[in-house]
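Numbering (the numbering used here), first residue to last: 1475 to 1739.
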């Protein structure tokens, strides 16, 4: 089961993987505390698009704004934005991740809406629905990122902003054998665009399946950044960030998180 894996099959696998991670409280599944929610209500906040706090100028004033947190559940960004006075809808594939958002909202008396769905399909929303889309690192879980950008552009209002983060595709090219990392060697093995389902050796793919690890896809910069431009966006800001807990050797030598602020004209 490799190249013929159907879309619904890999989605079901990734959904199951993130439901599991949410229950074990991975770093992106740790709900914010009531203290942080109260701080946000008082105007003191930090929110994360990459491992470092988001520059304040990227978000701007959100009170009264309609915000879509896209593939962004986990009890973190959505409740904080709601505490800042935004009208928040969070869409995510994982029901367990969405549970964290509802839990924080109920605990701290916040209003937000949770929807279980695919980031590539925003047909539930009308054109020009949102003032802002907050889309933290997640589009490496779909095989083609371009439909995500097109849907984001459609549902944003004119002048609205898309804040998104993603991995530098350089992290996907290296052989995963830890022996190379131990020797300080980055051994190029895979090309970009990369797909677990197509490029990963059968034994490693089966291991990921058995361990319920999410399947990932490495997109080209042409699709990650050029795809936003092709959808109609104008990139107004860009940042890089470092991986605080390096998983690959390359993480030790360059920032591997990228983020863009894109505006719908």
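Note that CB positions come from ideal geometry on N, CA and C, so glycine has one too.
Grouping DSSP H, G and I as helix and E and B as strand, with all else coil, what is residue i?
{"i": "residue 1589", "result": "strand"}
{"i": "residue 1500", "result": "coil"}
{"i": "residue 1707", "result": "strand"}
{"i": "residue 1615", "result": "helix"}
{"i": "residue 1595", "result": "coil"}
{"i": "residue 1664", "result": "coil"}
{"i": "residue 1734", "result": "strand"}
{"i": "residue 1516", "result": "coil"}
{"i": "residue 1475", "result": "In this predicted model, residue 1475 has a pLDDT of only 30, less than 50, meaning its place in the structure is not dependable; the value taken from the coordinates is given anyway. Coil."}
{"i": "residue 1564", "result": "strand"}
{"i": "residue 1682", "result": "helix"}
{"i": "residue 1719", "result": "coil"}
Figure out for me which residue from the options has the closest Cα to the Cα of residue i.
{"i": "residue 1553", "options": "1581, 1500, 1570, 1526", "result": "1581"}
{"i": "residue 1513", "options": "1502, 1602, 1681, 1559", "result": "1559"}
{"i": "residue 1573", "options": "1617, 1525, 1704, 1499", "result": "1499"}
{"i": "residue 1712", "options": "1653, 1687, 1637", "result": "1637"}
{"i": "residue 1504", "options": "1671, 1721, 1570", "result": "1570"}
{"i": "residue 1707", "options": "1734, 1601, 1684", "result": "1734"}
Would you grab the beta carbon distance between residue i and residue j for me? Rounded to a whole angstrom, and I think it's under 8 Å.
{"i": "residue 1732", "j": "residue 1639", "result": "7 Å"}
{"i": "residue 1635", "j": "residue 1736", "result": "7 Å"}
{"i": "residue 1566", "j": "residue 1590", "result": "7 Å"}
Rounded to whole angstroms, what's the CA-CA distance from residue i to residue j? Just pull it up for me.
{"i": "residue 1519", "j": "residue 1625", "result": "29 Å"}
Legend entry - Stretch-stretch touch, CB-based, cutoff 8 Å, three pairs: the segment 1663–1671 with the segment 1722–1735: Three or more Cβ pairs closer than 8 Å define a contact, and the segment 1663–1671 falls short of that threshold against the segment 1722–1735.
Legend entry - Cβ contact check for the segment 1607–1622 and the segment 1575–1590: 3 or more pairs under 8 Å: With a cut-off of 8 Å, the segment 1575–1590 and the segment 1607–1622 do not count as touching, because too few Cβ pairs lie within range.
Legend entry - Inter-stretch contact at 8 Å, needing at least 3 Cβ pairs: the segment 1626–1643 / the segment 1653–1665: With a cut-off of 8 Å on Cβ pairs, the segment 1626–1643 is not in contact with the segment 1653–1665, counting fewer than three such pairs.
Legend entry - Three CB pairs or more closer than 8 Å across the segment 1482–1494 and the segment 1681–1695: Yes, they touch.
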